[in-house]
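Right, one structure below, let's go through it.
In the UniProt record's numbering, the protein residues as written are 1 to 195.
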């Protein structure tokens, strides 16, 4: 055989080998398909039912976990709220205690004091300190002097003739001081109004 014929023979052998491989693969696929029998309708439904049941179980588990987590959150927030209500005024009360101490000292000193002016000054100092603490806690006095009557802040308990024309409809006297906590009225000022 000459080299050209030899080359052609080798090529033919390679082509035949490739064809044989393709035939074998096709035969294997056909055999595999024959071994896999198609699922019956009942088997398909059974598989779908199993999948659906698995999904239901997963959802139940998620729901139970979420429900327990929410329940814990609700209990924790209720406990925190109860603690806030119980101890909410602690800061305010603690800031007032030094003033109580000042009053106790003033009462003791009044027993032996001979100077009324000194006692008066001491009481005024305690009053100013007390008003300062109230201010630090958000309490403000409602202004009344010569202001027009505002029923959001004032409670008119008496009406008297105004001494001058410009004081008509204005507050002439404050019988009881009113207070606001932050921007909320906690006690209306009881006032006398001129007419």
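Heads up, the beta-carbon is just placed ideally off N, CA and C, and yes, glycines get one too.
For clarity, every value in this text was computed on a predicted model and none was experimentally measured.
Consult DSSP for residue 122 and reduce its assignment to one of helix, strand or coil. On the chain shown, residue 122 is found 122 positions in, with the first residue counted as 1. Residue state, collapsed to three classes: helix.
Do the stretch 143–153 and the stretch 163–170 touch if we need at least three Cβ pairs shorter than 8 Å? Contact holds between the stretch 143–153 and the stretch 163–170, because three or more Cβ pairs, one in each stretch, are under 8 Å apart.
Does the beta-carbon of residue 118 have 16 or more other beta-carbons within 10 angstroms, so that it is buried, or is it exposed? In the chain shown, the residue the question calls residue 118 occupies position 118. Exposed, because fewer than 16 other Cβ atoms sit within 10 Å of the Cβ of residue 118.
Below 6 Å CB to CB, which residues in the same chain sit around residue 159 once its five sequence neighbours on both sides are set aside? Within the chain shown, numbered from 1, the residue matching residue 159 stands at position 159. Shown here for residue 159: same chain residues with a beta carbon closer than 6 Å to its own, the five before and five after excluded, namely 193 and 195 in chain order.
Shortest alpha-carbon distance to residue 190 belongs to which of 176, 184, 69 and 182? Against the chain shown, residue 190 aligns to sequence position 190. Closest in C-alpha terms to residue 190, from the list 176, 184, 69 and 182, comes 176.
Counting along the chain, where does the beta strand (DSSP E) carrying residue 181 start and finish? For this step, residue 181 is matched to residue 181 along the chain shown. For residue 181, the uninterrupted beta strand (DSSP E) run begins and ends at 179–181, by DSSP.
Burial state of residue 85 (16 or more Cβ within 10 Å): On the chain shown, position 85 is the one that residue 85 refers to. Per the 10 Å Cβ criterion, exposed.
Which term fits residue 138, buried or exposed, when burial requires 16 or more other beta carbons within 10 angstroms of its beta carbon? Your numbering for residue 138 matches position 138 in the chain shown. Exposed, since its Cβ has fewer than 16 Cβ neighbours within 10 Å.
Buried or exposed for residue 56, going by 16 or more other Cβ atoms inside 10 Å? By 1-based counting over the chain shown, the position of residue 56 is 56. Of the residues assessed, residue 56 falls on the exposed side of the cut-off, its CB having fewer than 16 other CB atoms within 10 angstroms.
Where does residue 194 fall in DSSP's three states? The residue given as residue 194 occupies position 194 in the chain shown. Three-state result, residue 194: strand.
Span of the alpha helix (DSSP H), counted from its first residue to its last, around residue 101: Within the chain shown, residue 101 is the residue found at index 101, counting from 1. Its alpha helix (DSSP H) spans residues 90–112.
Simplified DSSP assignment, three categories, for residue 66: Along the chain shown, one-based indexing puts residue 66 at 66. In the three-state DSSP reduction, residue 66 falls in the helix class (H, G or I).
Coil, strand or helix - residue 189 by DSSP: For the purposes of this step, residue 189 is identified with residue 189 of the chain shown, where counting begins at 1. For residue 189, the secondary structure class from DSSP, reduced to helix, strand or coil, is strand.
Which of helix, strand or coil does DSSP assign to residue 115? Along the chain shown, read from residue 1 onward, the residue named residue 115 stands at position 115. In the structure shown, residue 115 sits in coil (DSSP, three-state: anything other than H, G, I, E or B).
Cβ pair residue 94, residue 133 closer than 8 Å: Position 94 of the chain shown, counted from the first residue, corresponds to residue 94. Position 133 of the chain shown, counted from the first residue, corresponds to residue 133. Going by C-beta atoms, residue 94 is not nearer than 8 Å to residue 133.
In chain order, what residues of the same chain lie with their CB nearer than 7 Å to the CB of residue 102, ignoring the 5 residues before and after it? Taking the first residue of the chain shown as position 1, residue 102 is located at position 102. 126 and 129.
Neighbourhood of residue 187 by C-beta, 7 Å cutoff - its chain only, sequence neighbours within 5 removed: Sequence index remark: in the chain shown, residue 187 carries index 187 (1-based). Closer than 7 Å at Cβ, skipping near neighbours: 178 and 179.
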